[in-house]
Amino acid sequence: MGEKTFVEKSYWLHALSPIHIGAGRGLGYIDLPVVREKVTNWPYIPGSSVKGVIAAHHNVSNNSEKREGDARIAFGATGDDCSNSGSLVFTDAHILCLPVRSFYGTFAWITSPFCLERCARDVKERSAPPVILPDEFQAFTAQDTALTKEPGGKMYLEELDLASAFNENAENWAEKIAQTLFGDDEGWKKTFKARFAVVHDDIFTFLCEAGTEVTPHIKVDQETGAAADGALWYEETLPVETLLVGRVWCDKIYGAPEDETPTSGELLKQFCGSELSLQLGGKATTGKGHVRCLFKDIEKAGELHE
Amino acid sequence: MKYRMIPIEPLIARDARTFGSGGGGARVRSLDWLTQTVAAGSVRTALWKLTGETPSYLRSIAVRGPFPEIGGKFYFPRPLDFVQTQEGKPYQLLPAELEDEQSADMPLEGLLLPSPDTEENFKPQKRGGYWSLDLYARWLCEGKRGLTERYGRDGRVDFGDDWLDDIPKDERTHVSIAPETGAAGDGKIFSSTGLDFVHRTAERTYASIAAALEIDERAARLLGDFTAPVGGMRRLADFRQTDDDAAWRCPPCLDCLRGGDRIRMILATPALFANGWYPGWIGGDKTPPREGILPGTDVRVRLVSAVVGRWQPLSGWCHEKGRTGPKPMRRMVPAGSVYFFEVVAGNFVPDRVWLRSVCDEPQDRLDGFGLALWGGWREHK
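In order, the protein sequences belong to chains A and B. The numbering of the first sequence is this note's numbering, which starts it at 1 and goes up by one. The numbering of the second sequence is this note's numbering, which starts it at 1001 and goes up by one.
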C-alpha cells in the first residue's frame, strides 16, 4: 500500500539569460518563435522541458535504460523490459511576470489578473491576496513605484501609456512574490516591488506578443568573412528577468523493494529541494536559458481522510 | 459529493488511435472533451494509490460528469436537434411524417424523420460546443420559442456566453535530446494535442474552465480534496469538493413536463448501448412497437424518432493486475444526441431521471456514460 498523501511543491523559474523554448519553424517574420499557450498566446515552459533538465542536473543518466536507484524512481526509465514512468510529475511553468521596457525605471515586471489567479492556483496559496482587475488602460502598482515620474502619474511601457494607481492588493502580491524569489535580499525585494505592475489581461497579451526579445542572426561565410547568402534568421526568446511558476507532484512510488523505497517527501527533497541553477531550452552554447529554479512547499495534495 | 476538477495544464483524452515512435514521428490526439472513463479512472486510480482498495471496489465507485463549468456556470453538450442557418436563424428538428412522394433511408422501418420546423431549404451551420444550463432549460421546456424570445435579434439568435465553443486544442511538438550530440535525436519526435482549459470571457479577460463531477460519498470522504493525473501524459488537475450542486438539479421550469405524453431524451454524456445507437431497454429486436421502460422509472415509452451524431471512439488502458493492457475499442453514441418518445403508460417526472444514466450495462452507468437531460416536444407542422 502506498503513502496516505500525495506530496507536491511549487517551482519558480527566474530567467538569468534569455530563454528559447522553440515552437519549431515560425510562419511569421520570426523564424524561430517560442512556444505559446493556445488561448492566451502567452509564452510558457512545458513541464517536459523542466523535467528533463532537472534529471540532467542531478546527473541522472541521459540513457534512461541505465538509470538506477532513486533517479530511476524519480525520473523513470525506458526499455522493453524495464520501462517505468517515474514518480515526479512536472506541470508546465506559467508566466507570472514579464519584464518590459519602461520609460521610467528602465524596465517593469508586468503581470495580469489571470496570471495572478493561476499563480494562486498553481502554488495552492490560500492566503494569496485577492486578484485585482484594472481597467484596460490602467496599471496598478505597489507603493514607491519606479515606473512613473510621480505617484499616480503616467506609465510608459513599450509604446503604451497607461494611467497608474497604487493598489493595496498589488502591493501585497509584490511583497509575496518578492519574498518567494528573493527571500532575505532586501535590495532585490525593493527593486522588484518598485517595478511591479498589474495590467489588464489584454494589455498583458499585447506585451507578451510585442515585448519578447527578437534578435537577428547571421552566419558568417568563412571564405569571405561576410554574411553568407540567405543565412539571416530571427530568434525569439523570453527576456532576462522573466518569472514563471509551476508545480511538481510526486506520484505513487513504483519499482523498488519496500524497504529501500524513499517516501514521496524524501524523493521531492532529494531532487527538488534546494535552489537549482539550470539551463533550459535551446541555444545553450550561446548562453541562453540560464535560470534560477526555486522550490517551495505547498499544502498536501491529497490526504486519506479515514 | 460534488467536485470541481480544475486542470492545471492542457489535458489529453485519447481517441483510441495507436501511438508509435516511428521515424516519421507519431501523434497523440485528443477527443473534444474528457471521456467518462478518463474522469472515473483518475478518481479510482487516485484512491487506489492512497488506500490500495481492491479493483472490484474501485470499479463500483460511481462517478458522474464531467461537464464544463466557468465561474459557477454549468454547460452541457449542445443538443443535436437544434440547427441554425448560415445566417443564424434557429430551427428545431422534430419527428415528421413523410408525405406520399417523399422517402428517406431511415435505419429502422417506422421511425419518423427528424426535420426542421420550416419549409426553408438550408445547409445547417457546423458548430459544436456547449450550452449553459439556463439555455438548455429553455430549449427543453419551450423549444425554439424559448430561445427566440430570450436570445432573438433580427431573426437570428445571439447566445452570448450561454454558448461555449469547443475547448481549444493545444498542439505541441516533443523531441528527445540525444546525450552524445546535445541535439534532437534522429527520428525522436512526436506531437501531442491537449485540451486547453482557458476561456476568454465577454469582458476580454481570461478564466479557467473547470469540470463538474460527482463522486460517490464514501470515495469522496476518503479522498477529500486531491490532485491527480488526468488523461494522457500524466497532466495534472486539482479536484476540489464544492457545495454548488446547481447543475445536478432539474431546473424548476421543467416541472411543466410532469405527466406529459411526449418526452425528449438528450444525452449529456456519451452513451454506450448494447445495440449501437439503439438503447437495449427499448426492446432488443428493434422491431415495432419499440416500447420499453425508462431506466429507474415505471414509465413505458415508445421510440418515435432520434437524432444521433456520428459515433465516437472509446479506448483505455487497464492497470489491473493480470489484465494490464489496452482495452478493446468501443463506439459511443455522442453527447447531444436526442431520442423522441411517446409515453405509453406511467407518469413521467423529470427530476427523477435528470442526469441519471440510461446505459444498458451497470458498469457503464457507474462510469457516468449516458447521463440524460429531459425535455418535451411538439408535433411537426
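By construction, the Cβ of each residue, glycine as well, lies at the ideal position given by its N, Cα and C atoms. Keep in mind the model is a prediction, meaning the values are calculated, not measured.
Legend entry - Residue closest to residue 1379(B), alpha-carbon to alpha-carbon, out of 1261(B), 1281(B), 1149(B) and 1296(B): Here the question's residue 1379(B) lines up with position 379 in the second sequence. Nearest option by C-alpha distance: 1261(B).
Legend entry - Residues near residue 1196(B) by beta carbon distance below 8 Å, same chain, minus five either side: Position 196 of the second sequence, counted from the first residue, corresponds to residue 1196(B). Answer for residue 1196(B): 1010, 1167, 1168, 1169 and 1170, listed in chain order.
Inset, instruction - Could you tell me whether the Cβ of residue 1216(B) comes closer than 9 Å to any Cβ of chain A? - result: The count along the second sequence starts at 1 and reaches residue 1216(B) at position 216. The Cβ of residue 1216(B) sits no closer than 9 Å to any Cβ of chain A.
Legend entry - Alpha-carbon spacing of residue 1331(B) relative to residue 47(A), whole angstroms: Within the second sequence, residue 1331(B) is the residue found at index 331, counting from 1. Within the first sequence, residue 47(A) is the residue found at index 47, counting from 1. Looking at the two C-alpha atoms, the distance is approximately 33 Å.
Inset, instruction - Starting from residue 113(A), find everything on chain C with Cβ-Cβ shorter than 7 Å and list it in chain order. - result: Of the protein chains in the structure, A and B, none is chain C.
Inset, instruction - Compute the Euclidean distance between the alpha carbons of residue 113(A) and residue 94(A), then round it to the nearest angstrom. - result: If you number the first sequence from 1, residue 113(A) lands on position 113. If you number the first sequence from 1, residue 94(A) lands on position 94. Looking at the backbone, the Cα of residue 113(A) and that of residue 94(A) are separated by about 13 Å.
Legend entry - Three-state class that DSSP yields for residue 1056(B) in the structure shown: In the second sequence, the residue the question calls residue 1056(B) occupies position 56. Residue 1056(B) falls in the helix class under three-state DSSP.
Legend entry - Bridge partners - residue 1194(B), DSSP secondary structure assignment: On the second sequence, position 194 is the one that residue 1194(B) refers to. Looking at the DSSP assignment, residue 1194(B) forms a beta bridge with 1170(B).
Inset, instruction - Would you check if the distance between the CB atom of residue 1338(B) and the CB atom of residue 1307(B) is smaller than 9 Å? - result: Walking along the second sequence from the start, residue 1338(B) turns up at place 338. Walking along the second sequence from the start, residue 1307(B) turns up at place 307. Closer than 9 Å, so yes.
Legend entry - For residue 1050(B) and residue 2(A), the rounded distance between their alpha carbons: Translated into positions along the first sequence, residue 2(A) becomes position 2. Translated into positions along the second sequence, residue 1050(B) becomes position 50. Caution is warranted here: a pLDDT of 47 is assigned to residue 2(A), below 50, making its placement in the model unreliable, and the coordinate value is therefore given only provisionally. When only Cα atoms are considered, residue 2(A) and residue 1050(B) end up about 6 Å apart.
Inset, instruction - Report yes if the C-beta distance between residue 1112(B) and residue 1095(B) is below 9 Å; otherwise report no. - result: Here residue 1112(B) refers to the residue found at position 112 of the second sequence. Here residue 1095(B) refers to the residue found at position 95 of the second sequence. Yes, they are a contact pair.
Inset, instruction - On the DSSP bridge assignment, give the partners of residue 155(A) in chain order. - result: Counting from one through the first sequence, the residue named residue 155(A) turns up at place 155. Residue pairing by DSSP places residue 155(A) opposite 148(A) and 162(A) in a beta bridge.
Inset, instruction - Using only alpha-carbon positions, find the residue among 1267(B), 1292(B), 1201(B) and 1347(B) that is nearest to residue 1372(B). - result: The residue labelled residue 1372(B) in the question sits at position 372 within the second sequence. Of the candidates 1267(B), 1292(B), 1201(B) and 1347(B), the one whose C-alpha sits nearest the C-alpha of residue 1372(B) is 1267(B).
Inset, instruction - For my contact list, residue 125(A) and residue 1227(B) are in at a C-beta cut-off of 8 Å; report their separation, rounded to the angstrom. - result: As a first step, residue 125(A) is located in the first sequence; it is residue number 125 there, counting from the start. As a first step, residue 1227(B) is located in the second sequence; it is residue number 227 there, counting from the start. At roughly 15 Å, the Cβ-Cβ gap does not stay under 8 Å, so residue 125(A) and residue 1227(B) are not in contact.
Inset, instruction - Could you name the residues of chain B that residue 17(A) contacts, counting a contact when the two beta carbons are closer than 9 Å? - result: One-based indexing of the first sequence puts residue 17(A) at position 17. By Cβ distance, chain B contributes nothing, its closest Cβ being about 17 Å from residue 17(A), past 9 Å.
Inset, instruction - Spell out whether any CB of chain B is found under 9 Å from the CB atom of residue 116(A). - result: For the purposes of this step, residue 116(A) is taken as residue 116 along the first sequence, with counting starting at 1. No, residue 116(A) does not count as interfacial toward chain B.
Inset, instruction - Rounded to whole angstroms, what's the CA-CA distance from residue 1024(B) to residue 121(A)? Just pull it up for me. - result: Looking up residue 1024(B) in the second sequence gives position 24. Looking up residue 121(A) in the first sequence gives position 121. Any reading at residue 1024(B) must be qualified, since the residue scores a pLDDT of 44, below 50, and its modelled position is unreliable; the value itself is stated next. Between residue 1024(B) and residue 121(A), the C-alpha separation is close to 38 Å.
Legend entry - Where residue 1250(B) falls: helix, strand or coil (DSSP): Locating residue 1250(B) in the second sequence gives position 250, counting from the first residue. Correct three-state label for residue 1250(B): coil.
Legend entry - C-alpha distance - residue 1043(B) paired with residue 1067(B), whole-angstrom precision: To locate residue 1043(B), count along the second sequence from 1; it is residue 43. To locate residue 1067(B), count along the second sequence from 1; it is residue 67. Approximately 15 Å, taken between the alpha carbons.
Legend entry - C-alpha distance - residue 1375(B) paired with residue 1072(B), whole-angstrom precision: One-based indexing of the second sequence puts residue 1375(B) at position 375. One-based indexing of the second sequence puts residue 1072(B) at position 72. Roughly 23 Å between the two C-alpha positions.
Inset, instruction - Rounded to whole angstroms, what's the CA-CA distance from residue 1271(B) to residue 1366(B)? Just pull it up for me. - result: Locating residue 1271(B) in the second sequence gives position 271, where the first residue counts as 1. Locating residue 1366(B) in the second sequence gives position 366, where the first residue counts as 1. Here the alpha carbons of residue 1366(B) and residue 1271(B) stand approximately 12 Å from one another.
Legend entry - Cross-chain neighbours of residue 235(A) in chain B, by beta carbon under 8 Å: By 1-based counting over the first sequence, the position of residue 235(A) is 235. Near residue 235(A) there are no residues of chain B at all, since even the closest Cβ is about 16 Å away, more than 8 Å.
Inset, instruction - Compare the C-beta of residue 8(A) against all C-beta atoms of chain B and say whether one is closer than 9 Å. - result: By one-based count along the first sequence, residue 8(A) stands at place 8. Yes, because at least one Cβ of chain B sits closer than 9 Å to the Cβ of residue 8(A).
Legend entry - Buried versus exposed, by CB contacts within 10 Å (16 or more), residue 24(A): Residue numbering aside, residue 24(A) sits at position 24 when the first sequence is read from its first letter. It is exposed - the Cβ of residue 24(A) has fewer than 16 other Cβ atoms within 10 Å.
Legend entry - Local conformation of residue 53(A) per DSSP, three classes: The residue given as residue 53(A) occupies position 53 in the first sequence. When secondary structure is reduced to three states using DSSP, residue 53(A) falls in the helix class.
Inset, instruction - Note the first and the last residue of the continuous beta strand (DSSP E) segment covering residue 246(A). - result: Numbered from its first residue, the first sequence carries residue 246(A) at position 246. Residues 243-250.
Legend entry - Within chain A, the residues that residue 1236(B) reaches when beta carbons sit closer than 8 Å: Reading the second sequence from its first residue, position 236 is the one you call residue 1236(B). Simply 89, 91, 247 and 249.
Inset, instruction - Could you spell out where the alpha helix (DSSP H) holding residue 88(A) opens and where it closes? - result: Here residue 88(A) is taken as the residue at index 88 of the first sequence, counted from 1. Residue 88(A): not part of any alpha helix (DSSP H); member of the beta strand (DSSP E) spanning 88-90, first to last residue.
Inset, instruction - Report, in whole angstroms, the separation of the C-beta atoms of residue 1038(B) and residue 1230(B), which I expect to be a contact under 8 Å. - result: In the second sequence, residue 1038(B) corresponds to position 38, counting from 1. In the second sequence, residue 1230(B) corresponds to position 230, counting from 1. That pair is a contact at about 6 Å.
Inset, instruction - Sort 58(A), 32(A) and 28(A) by Cα distance to residue 237(A) and report the nearest one. - result: Locating residue 237(A) in the first sequence gives position 237, where the first residue counts as 1. Closest option to residue 237(A), judged by alpha-carbon separation, among 58(A), 32(A) and 28(A): 32(A).
Legend entry - Proximal residues to residue 1296(B) (C-beta, below 8 Å), its chain only, five neighbours per side dropped: As a position in the second sequence, residue 1296(B) is number 296, starting the count at 1. Around residue 1296(B): 1352, 1353 and 1356.
Inset, instruction - Using alpha carbons as the reference points, say which of 26(A), 199(A) and 145(A) lies closest to residue 192(A). - result: For the purposes of this step, residue 192(A) is identified with residue 192 of the first sequence, where counting begins at 1. The option with the nearest alpha carbon to residue 192(A) is 145(A).
Legend entry - Runs of beta strand (DSSP E) lying entirely within the stretch 1200-1241 of chain B, each at least 3 residues, in chain order: Along the stretch 1200-1241 of chain B, the beta strand (DSSP E) occurs as fully enclosed runs of 3 or more residues at 1206-1208, 1210-1215 and 1226-1229, listed in sequence order.
Inset, instruction - Kindly list, in the order they appear in chain A, the residues whose Cβ is closer than 7 Å to that of residue 1174(B). - result: Translated into the one-based positions of the second sequence, residue 1174(B) becomes position 174. Going along chain A in sequence order, the residues near residue 1174(B) (Cβ under 7 Å) are 48.
Legend entry - Start-to-end residues for the alpha helix (DSSP H) that takes in residue 181(A): As a position in the first sequence, residue 181(A) is number 181, starting the count at 1. First-last of the alpha helix (DSSP H) with residue 181(A): 168-182.
Inset, instruction - Can you grab the Cα-Cα spacing for the pair residue 318(A) / residue 1086(B), in whole Å? - result: Since the first and last residues shown for chain A are 1 and 306, residue 318(A) lies out of range.
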